DNA sequence: GCAGTGGGTGGCACAGTGTGTCAACCATGG
DNA sequence: CCATGGTTGACACACTGTGCCACCCACTGC
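Protein chains in written order, with my numbering: chain A, 2 to 212; chain B, 2 to 212.
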């Protein structure tokens with residue numbers, strides 16, 4: 002079994018093994034972000050990162066399956082949170098409201114990161130570097146696919162199922178995630194001074210499902 | 002100047018030079034798609050493609066900057082069409098309607114491709130291969146950014162400009178593009194039998210800006 | 001204490017991507 | 001006829017990501 006990329010199959014194991022693993026990953030990520038911010042992403046090779054943390058290239062690849070993963074790997078935790086939160090919303094609640102609330106954790110995470118120095122420039126690098134941006138969007142797309150399933154299950158449970166070939170549930174989820182990304186762009190454009198929560202609220206008030 | 006990746010800076014030059022270039026690109030792309038469909042994307046190297054068209058690896062890289070670009074390069078033409086169409090919409094028209102119409106060309110393209118054998122399996126490969134999917138989403142994101150500008154210009158012209166840090170215009174555009182992607186998923190899931198136009202209509206009827 | 005066991009580590013080799021460079025080639029027009 | 005500018009192929013190169021193997025080290029049962 003592949004242990005190096007199971008962060009999506011994220012079980013809440015709190016064994017010693019997993020904890021030290023997370024700790025090392027975090028250390029590597031922080032060192033890498035420092036390098037990325039000061040030297041640029043393209044100019045920083047896996048070799049540089051490995052050297053910076055005193056680890057062989059080969060070993061580093063056991064913690065991160067890809068160079069992009071060094072930066073984006075930790076997002077899986079956040080996106081998993083979104084899905085858990087979505088599943089936890091009350092059954093009767095309107096989808097758009099449920100979606101908005103399921104973003105709370107992610108948003109809080111971003112708002113909290115606004116003060117600590119490295120997160121914002123790193124986020125900017127992600128959105129400005131083609132390769133990273135592409136992978137970043139892919140993470141969102143995966144959430145989109147999962148969230149669609151949750152939304153469909155909900156509609157099934159409510160006795161109002163969607164036809165399998167109906168694009169509606171996915172469109173709704175995609176619109177919600179589009180709002181988050183739109184908010185994030187606005188957030189970064191304004192120097193991360195405004196509150197993400199506010200920006201997402203504004204976006205999700207301007208767009209939504211038609212009832 | 003970099004000539005191999007200027008397909009985004011797409012001028013409507015119809016010189017001999019550009020035409021033969023396009024022709025060769027098309028030939029390579031078709032050969033590559035055959036290989037991708039029968040052998041799989043990951044298993045097909047640039048070397049294989051080069052050999053299949055009787056061309057050196059180095060030369061192939063002068064026509065496509067990336068292996069992904071061999072598949073996705075031709076999309077730039079389509080996405081440029083979307084932007085041109087959007088700019089051409091009448092000033093007074095509601096944004097959502099303008100966006101829907103600006104997709105017409107792209108949709109027709111997909112519906113037409115449904116019958117010719119290679120396009121649909123290729124599209125399926127794109128959405129199933131992580132690397133390709135990521136790049137595909139990035140293309141959409143680029144359209145999103147450009148379309149946002151157009152929408153903002155329009156609002157400016159109408160004397161109702163958006164604040165620079167307002168996520169609304171981008172959220173609207175993102176929602177529209179999300180509808181297209183949602184429709185595409187449904188389309189492929191149903192074996193490309195239904196009309197894309199219909200699916201997009203359904204998605205864009207279910208979601209939209211709140212007035 | 002001592003062998004055994006299993007996970008973590010580094011070294012090495014390898015296929016593949018994408019790029020710089022250079023010499024050869026080929027069409028065009030003076 | 002040759003000069004010129006664009007196209008091509010060959011080679012070399014740095015880098016990514018992976019398979020393989022020997023090694024080390026903590027922990028276990030004897």
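Ideal Cβ placement from N, Cα and C applies to all residues, glycine included.
Note that the structure is predicted; figures quoted are calculated from it, not measured.
N- and C-terminal bounds of the beta strand (DSSP E) containing residue i
{"i": "residue 131/A", "result": "Premise fails: residue 131/A lies in the alpha helix (DSSP H), 131–158, not in any beta strand (DSSP E)."}
Delimiting residues of the alpha helix (DSSP H) encompassing residue i
{"i": "residue 170/B", "result": "169–190"}
{"i": "residue 106/B", "result": "105–114"}
{"i": "residue 119/A", "result": "Neither: residue 119/A is in no alpha helix (DSSP H) and is coded neither H nor E."}
{"i": "residue 80/B", "result": "76–89"}
{"i": "residue 69/B", "result": "68–73"}
{"i": "residue 203/B", "result": "197–207"}
Close Cβ partners of residue i (< 7 Å) along its chain, the five nearest in sequence each way excluded
{"i": "residue 148/A", "result": "84, 87, 174"}
{"i": "residue 169/A", "result": "163"}
{"i": "residue 53/A", "result": "32, 36"}
{"i": "residue 96/B", "result": "152, 173, 210"}
{"i": "residue 47/B", "result": "58, 61, 68"}
{"i": "residue 184/B", "result": "197, 200, 201, 204"}
{"i": "residue 99/A", "result": "87, 90"}
{"i": "residue 93/B", "result": "none"}
{"i": "residue 212/B", "result": "none"}
{"i": "residue 3/B", "result": "With a pLDDT of 38 at residue 3/B, under the threshold of 50, the modelled position of this residue cannot be trusted, and the question is left open."}
{"i": "residue 122/A", "result": "38"}
Chain-order list of residues whose beta-carbon lies under 8 Å from that of residue i (same chain, five-residue window excluded)
{"i": "residue 5/B", "result": "With a pLDDT of only 39 at residue 5/B, under the threshold of 50, the placement of this residue in the model should not be trusted, and no figure is reported."}
{"i": "residue 25/A", "result": "64"}
{"i": "residue 151/A", "result": "84, 87, 88"}
{"i": "residue 145/B", "result": "171, 174, 175, 178"}
{"i": "residue 11/A", "result": "Low per-residue confidence applies at residue 11/A: pLDDT is 42, beneath 50, and the placement is therefore not dependable enough to give any value."}
{"i": "residue 110/B", "result": "79"}
{"i": "residue 20/B", "result": "none"}
{"i": "residue 195/B", "result": "187, 188"}
{"i": "residue 56/B", "result": "29"}
{"i": "residue 112/B", "result": "196, 197, 198"}
{"i": "residue 208/B", "result": "176, 179, 180"}
{"i": "residue 130/A", "result": "42, 43"}
Anticipated Cβ contact below 8 Å, residue i with residue j, distance rounded
{"i": "residue 71/A", "j": "residue 30/A", "result": "6 Å"}
{"i": "residue 73/A", "j": "residue 137/A", "result": "6 Å"}
{"i": "residue 190/A", "j": "residue 176/B", "result": "In fact, because the Cβ distance is near 19 Å, the residues do not count as touching under 8 Å."}
{"i": "residue 38/A", "j": "residue 126/A", "result": "7 Å"}
{"i": "residue 135/A", "j": "residue 34/B", "result": "Not confirmed; about 21 Å, so no contact."}
{"i": "residue 42/A", "j": "residue 133/A", "result": "7 Å"}
Cβ neighbours of residue i in the same chain (closer than 6 Å, five flanking residues each side left out)
{"i": "residue 101/A", "result": "205"}
{"i": "residue 114/B", "result": "120"}
{"i": "residue 198/A", "result": "108"}
{"i": "residue 160/B", "result": "none"}
{"i": "residue 50/B", "result": "33"}
Checklist line | Segments of 4+ residues assigned as alpha helix (DSSP H) that fall wholly inside the stretch 22–64 of chain B | finding: The qualifying runs are 47–53, 58–64.
task = Please list the residues of the stretch 79–93 of chain A that have a C-beta atom closer than 9 Å to any C-beta atom in chain B, keeping them in chain order.
result = Cβ contacts with chain B: none found.
Query raised in the report: Taking any Cβ of chain A, which residues in the stretch 189–205 of chain B have a Cβ under 7 Å from it, in chain order?
Result: 190, 191, 195, 200, 203, 204: these are the residues of the stretch 189–205 of chain B whose beta carbon lies less than 7 Å from some beta carbon of chain A, given in chain order.
With 7 Å as the C-beta to C-beta threshold (strictly closer), list the residues of the stretch 124–141 of chain A near chain B in chain order.
-> Along the stretch 124–141 of chain A, the positions whose C-beta sits under 7 Å from a C-beta of chain B are 131, 134, 135, 136, 138, 139, read in chain order.
- Interfacial residues, the stretch 151–169 of chain A to chain B, with Cβ spacing under 8 Å: Per Cβ criterion, the list reads 165, 166, 167, 168, 169.
Original post:
When you check each C-beta in the stretch 51–64 of chain A against every C-beta of chain B, which residues fall closer than 7 Å?
Top reply: Going along the stretch 51–64 of chain A in chain order, one finds no residue with a Cβ nearer than 7 Å to chain B.
Item checked: Residues, ordered as in the chain, of the stretch 168–185 of chain B that lie near chain A by beta-carbon distance below 7 Å -> Taking 7 Å as the cut-off between beta carbons, the residues of the stretch 168–185 of chain B near chain A are 168, 169, 171, 172, 173, 175, 176, 179, 180, 182, 183, 184, in sequence order.
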